[in-house]
Amino acid sequence: MQVSSLNEVKIYSLSAGRSLPEWLSDRKKRALQKKDVDIRRRIELIQDFEMPTVSTKIKVSRDGQYIMAVGTYKPRVRCFDTYQLSQKFERCLDSEVVTFEILSDDYSKIVFLQCGRFVEFHSQHGHYYRTRIPKFGRDFSYHYPSCDLYFVGASSEVYRLNLEQGRFLNSLQTEASESNVCDINPVHFLFAMGTAEGKVECWDPRTRNRVGLLDCALSSVTADTEIDGLPSISALQFDGALNMAVGTSTGQVLLYDLRSSNPLIVKDHYYGLPIKSIQFHRQLDLIISADSRIIKMWNKDTGKIFTSMEPEHGINDVCLYPNSGMLMTANEAPKMNIYYIPVLGPAPKWCSFLDNLTEELEENPESTVYDDYKFVTRKDLENLGLAHLIGSTLLRAYMHGFFMDIRLYHKAKMMANPFAYEEYRREKIRQKIEETRAQRVQLKKLPKVNKELALKLIEEEGEEQQITRKRKQKNLPSLLKDDRFKVMFENPDFQVDEQSEEFRLLNPLVSKISEKRKRKLKILEELEAQGQEEEEEPEGKASDAESSESSDDEKGWVEEVRKQRKLLRQEEKLKRQERFKEDQQTLLKPQFFEIKEGEEFRSFKDSAKKQKLMKKTLEDRLKLEEKLGTLNVSDTTVGSKQATFKLKKSEQQRKQQEAEKQHRQERKTLRRPASHLKSKRGRGRLFH
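Residues in the sequence shown are numbered from 1 upward in steps of one, following the UniProt record's numbering.
See below:
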C-alpha cells in the first residue's frame, strides 16, 4: 500500500505492489512474502481484481454489493462480490463493449452496447437477447418511467428502444451530425446529449421536443486556453435537478445551471486531453473530473484544487463508490486501481478495517524510502567523481537524475571536499554576523537606471511611512518593488532626460533639488566603495539650513520658470541659426518627375486647380459646371429636377477624333479625281 499526500490530503493506493501468479503454491507464496518487502506490505482488497489486458469501464450496482467491469482481451465482463471479496462470475462476449448499464439493483439485468452495432441483454443466468441498431453507437441512457433506452452515436438520430413493448419507437431527429455522450436527469428525467460540434441538446421525453441548446464549445474557449480544433463534448453528468457538468475533448470542464446559458465555472486540465469521466461528491461540494492522464478533485463553487492523482497507466473510466471515500479506476493495464481517501468519507462497510488501518498508519508514521537515498544530477556525480557508476546498481535513474545511497554520498563528498566542515563553519559565522547587521542602518542599494528618481521615491516612501504610523493606516505598496515598473529602473531606454524642454518646464526647481540628490548619490557611492556599514549624515548643512532653502525655493518659483523659458528661447534661436547655416551650405539638386504615357505636361497650375476644386462643396462645383456648360439642370413636369452632364474629353480622345476627321477628309480628296476621270472616259466613247 502506497501513501501520497497533496494539499494535506492523504491518498492510499490499495492496489499498489506486485501481484502473485495464480499457479504458485502456498509454500512459494509464503517464501516470497518473507523475502520481498513489497509483497509483504501489499493489500489485496478484492481477489483477482484485474483484466487480462485492458479494462475499459467499471460500475457499482445500486445495492453496493457488486462491482462490474468490462475489458479485453478477449472481450469479457467480470462481476466481483464485495461481501466475499472475490470474483463471482466471468462471461466472455463476441465483440468489445463500448459501454454498459446495470438496470436492476443487483447484477440480474445488464445491457451492453458493443462495437459492432449490437445491443446485448444479460439476465442472472447469462445471455438473454441480442439486437442491432442502424448506426454505430457511442453511449446510451435508460429512462426509468417509460422503460426506454436512448442510443446516440454516428448519426443525427437518437434511437429509442422500448423494453416493455420490445420494439423500436420513432427516433428523435437532432441538428447534430454525430453525438458522443448522453445522460438523463434523475429528478425530472430531462434527456441531454453532447454533440461532435460542441453543443448540448436537451429534450423532453414526454413531448419528444427539444427544449434547450447550449453552445459549450464557444464558452470553453477563454483568454488562457489554447486549442487546435473545435471542442466536442466527451463527457456529461447531471447533479440534482439544476446542475450539469460538461467535459470537452480539449480538456475543459464546464459547470452549468440549467436556468442559464453561461457556465458558472470553467476548469481546464491543461493537458489538452479529452475528459473521460465526471463525478460529483455532494458532501464536500467537489467535482471529480478525469482525463487519460490525471484525476482532479476541485471545488465546484471556486474551482480551487482539492487534490489530484496521476496513475502510472492511462485512465479509461472512474467510479466513485457511493457514500464512501473509495475510488476505482479502469486503466490501460491489467490491474484496476483502488484508492481510499479518508477525507472524502469512511470506508465501505465490507472493508471497514481500512479505517483502523489508516488510523494506525497516521499514529505511527514510517520513514519513507527516500529518507535513506540522496537525489543527485549528472553534474553532481561529475563533481563527486562518481560518473563511472552510471548504469550500475548503485544508482537508480529517476527523472533528470539518479537516487543513490545516502551513506555512499557522504563518503564521496568527504573524499571530494575534505574541507567541507570548514566551509560549513564559515557559512554559519557569516549568517550570525548578518543577523547582527540587520539591526544596524542598511545602505540603500539604488538601481543603475533613474537613480535620482529612485532616491526621490525612497524619500517620499519614508515620509509616507511616518504619516501612516501617526494615523495608524496601512502602508501602500512600494513602486520600486512593483513588477509592473521594474523595467523603468533596468532598461536604459527609460532614462529620464532632464535636458528636455518638457521636463525643465514641468519641474522649474529641478536644478536645486537634483543638486541635493546628486550630493546624496555621491555620498552613497563613496560609502559603498569604502565598504562602510553605517550611513553617515553629509557634513556642511544642518536641518535649519535645509528648511530655509525650501522656503527660498517657494519664493523663487516664478523667477526660476522665467529663467528656464529664457534659456529655452536662446537654445531654440541657436538651433535655428545652425539650421540656416546648414541650408546655405547645402546645394540644391534638380529633381526629375516622370509623366505617364499618353499625357502632356502643361503646367503645375492644373494640379493646383484640381486640388482647389476638390476642396469646394458639391453645390459650388455644380454651379461652376453650369457656367462652363457641361451641366444642364431643368425642371420636369412631375416637379422633380433633371440634371444632364457632358463628359470632358481627355487629351488622348481629342487627338484620336482629330486624326479620324483628317482621315475622312483625305479619303474625300482621293475619291473626287477618280469619279471625274470615269465621267470623261464615258463621254469620249460616246462621241467616238
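Every residue gets a Cβ at the ideal spot worked out from N, C-alpha and C, and that includes glycine.
Determine the DSSP secondary structure at V77, reduced to helix, strand or coil.
Along the sequence shown, one-based indexing puts residue 77 at 77. V77: strand per DSSP, three-state reduction.
Need the endpoints of the alpha helix (DSSP H) that E201 sits in, please.
The sequence position of residue 201 within the sequence shown is 201, counting from 1. Looking at the DSSP string, E201 is not in any alpha helix (DSSP H); the run it does join, the beta strand (DSSP E), is K199 to D204.
Counterpart residues of H122 in DSSP-defined beta bridges
Here residue 122 corresponds to residue number 122 of the sequence shown, with the count starting at 1. Looking at the DSSP assignment, H122 forms a beta bridge with I110 and H127.
With respect to the beta strand (DSSP E) encompassing T436, which residues constitute its N-terminal and C-terminal limits?
Translated into positions along the sequence shown, residue 436 becomes position 436. From DSSP, T436 is part of no beta strand (DSSP E) but of the alpha helix (DSSP H) over A420 to R437.
Would you call V200 buried or exposed, if buried means 16 or more other Cβ atoms sit within 10 Å of its Cβ?
Along the sequence shown, read from residue 1 onward, the residue named residue 200 stands at position 200. It counts as buried.
Residues bridged to F49 (per DSSP)
Within the sequence shown, the letter at position 49 stands for residue 49. The partner list for F49 (beta bridge, DSSP) is empty, contrary to what the question assumes.
Can you name the start and end residues of the alpha helix (DSSP H) that L149 belongs to?
Stepping through the sequence shown from its first residue, residue 149 is reached at position 149. Element bounds for L149: not the alpha helix (DSSP H) but the beta strand (DSSP E), D148 to G153.
Is DSSP giving F489 helix, strand or coil here?
Here residue 489 is taken as the residue at index 489 of the sequence shown, counted from 1. In the structure shown, the three-state DSSP call for F489 is helix.
Closest Cα partner of M244 within the set Y271, E197 and D183:
As a first step, residue 244 must be located in the sequence shown, where it is residue number 244. Relative to the Cα of M244, the nearest Cα in the group Y271, E197 and D183 belongs to D183.
CB contact flag (G116, S146, <7 Å):
Working through the sequence shown from its first residue, we reach residue 116 at position 116. Working through the sequence shown from its first residue, we reach residue 146 at position 146. In this structure, the beta-carbon distance from G116 to S146 does not fall below 7 Å.
Could you tell me if R160 is buried or exposed, where buried requires 16 or more neighbouring beta carbons within 10 angstroms of its beta carbon?
To locate residue 160, count along the sequence shown from 1; it is residue 160. If you draw a 10 Å sphere on the C-beta of R160, you find 16 or more other C-beta atoms in it, and that means buried.
With a 10 Å radius around its C-beta and 16 neighbouring C-beta atoms as the bar for buried, classify C92 as buried or exposed.
Taking the first residue of the sequence shown as 1, we reach residue 92 at position 92. Counting Cβ neighbours within 10 Å, C92 comes out exposed, since fewer than 16 surround it.
Have a look at the DSSP bridge pairing and note the partners of S179.
Here residue 179 corresponds to residue number 179 of the sequence shown, with the count starting at 1. Looking at the DSSP assignment, S179 forms a beta bridge with T195.
Starting from Y409, follow the alpha helix (DSSP H) in both directions and report where the run begins and ends.
In the sequence shown, the residue the question calls residue 409 occupies position 409. For Y409, the uninterrupted alpha helix (DSSP H) run begins and ends at I406 to A416, by DSSP.
On the three-state DSSP scale, how would you describe A241?
Within the sequence shown, residue 241 is the residue found at index 241, counting from 1. Correct three-state label for A241: coil.
Nearest to M336 (by Cα), restricted to the options E658, K627, E50 and K668
Taking the sequence shown and counting its residues from 1, the one referred to as residue 336 is at position 336. Of the listed residues, the one whose Cα sits closest to M336 is E50.
Within 10 Å of its beta-carbon, does L255 have 16 or more other beta-carbons around it, so buried, or fewer, so exposed?
Along the sequence shown, read from residue 1 onward, the residue named residue 255 stands at position 255. Label assigned to L255: buried.
Presumed contact (8 Å Cβ cut-off) between C319 and V60, rounded CB distance:
Counting from one through the sequence shown, the residue named residue 319 turns up at place 319. Counting from one through the sequence shown, the residue named residue 60 turns up at place 60. Between C319 and V60, the beta carbon gap of about 6 Å places them in contact (Cβ cut-off 8 Å).
When you compare only the Cα positions, how much space is there between S179 and C216?
Start at 1 with the first residue of the sequence shown, and residue 179 comes out as number 179. Start at 1 with the first residue of the sequence shown, and residue 216 comes out as number 216. Their backbone Cα atoms lie some 14 Å apart in a straight line.
Proximal residues to V187 (C-beta, below 6 Å), its chain only, five neighbours per side dropped:
Translated into the one-based positions of the sequence shown, residue 187 becomes position 187. Only A241 meet the Cβ criterion.
Assign K276 to one of two classes, buried (16 or more other C-beta atoms within 10 Å of its C-beta) or exposed (fewer than that).
Here residue 276 corresponds to residue number 276 of the sequence shown, with the count starting at 1. So K276 ends up on the buried side.
Going by C-alpha distance, which of T644, N185 and R27 is nearest S141?
Taking the first residue of the sequence shown as position 1, residue 141 is located at position 141. Considering only alpha carbons, the answer is N185.
Work out the CA separation of E666 and T644 for me, nearest whole Å.
As a position in the sequence shown, residue 644 is number 644, starting the count at 1. As a position in the sequence shown, residue 666 is number 666, starting the count at 1. Rounded to whole angstroms, the gap between the alpha carbons of T644 and E666 is 36 Å.
Cβ atoms of L236 and V246: under 7 Å apart, would you say?
As a first step, residue 246 is located in the sequence shown; it is residue number 246 there, counting from the start. As a first step, residue 236 is located in the sequence shown; it is residue number 236 there, counting from the start. Inclusion of V246 and L236 in the CB contact set at 7 Å is warranted, their separation being smaller than that value.
Give me the Cβ distance between F80 and K88, rounded to the nearest whole Å; I'm assuming they're in contact under 8 Å.
Start at 1 with the first residue of the sequence shown, and residue 80 comes out as number 80. Start at 1 with the first residue of the sequence shown, and residue 88 comes out as number 88. At roughly 6 Å, the Cβ-Cβ gap stays under 8 Å, so F80 and K88 are in contact.
Quick check: the segment 346 to 360 against the segment 298 to 313, are at least 3 beta-carbon pairs closer than 8 Å?
These segments do not touch.
My output table needs one value for L354: the three-state DSSP class, helix, strand or coil.
Start at 1 with the first residue of the sequence shown, and residue 354 comes out as number 354. DSSP places L354 in helix when its eight states are reduced to three.
Spatial neighbours of L6 in its chain, beta-carbon cut-off 7 Å, leaving aside the 5 residues before and after:
Your numbering for residue 6 matches position 6 in the sequence shown. T307 and S308, listed in sequence order.
Can you tell me which residues form a DSSP beta bridge with A235?
Along the sequence shown, read from residue 1 onward, the residue named residue 235 stands at position 235. DSSP lists G247 as partners of A235.
Do you know offhand how far S155's Cα is from Y339's?
Numbered from its first residue, the sequence shown carries residue 155 at position 155. Numbered from its first residue, the sequence shown carries residue 339 at position 339. A straight-line Cα-Cα distance of about 38 Å links S155 and Y339.
Taking the alpha carbon of S104 as the reference point, which residue from E90, L113, Q124 and V97 has its own alpha carbon closest?
Numbered from 1 along the sequence shown, position 104 holds the residue referred to as residue 104. Ranking E90, L113, Q124 and V97 by Cα distance to S104 puts Q124 first.
Near R576, what residues of its chain come up, given a Cβ to Cβ distance below 7 Å and the 5 sequence neighbours on each side ignored?
For this step, residue 576 is matched to residue 576 along the sequence shown. Around R576: no qualifying Cβ.
Exposed unless 16 or more other CB atoms sit within 10 angstroms - verdict on F100
To locate residue 100, count along the sequence shown from 1; it is residue 100. Classification of F100: buried, given that the 10 Å Cβ count is 16 or more.
List the endpoints of the continuous beta strand (DSSP E) containing K616.
Position 616 of the sequence shown, counted from the start, is the residue given in the question as residue 616. Per DSSP, K616 lies in no beta strand (DSSP E) and is assigned neither H nor E.
Contacting residues, own chain, Cβ-Cβ under 8 Å from Q252 (five flanking each side not counted):
Position 252 of the sequence shown, counting from 1, holds the residue named residue 252. Only S220, T225, P231, V266, K267, D268, H269 and I275 meet the Cβ criterion.
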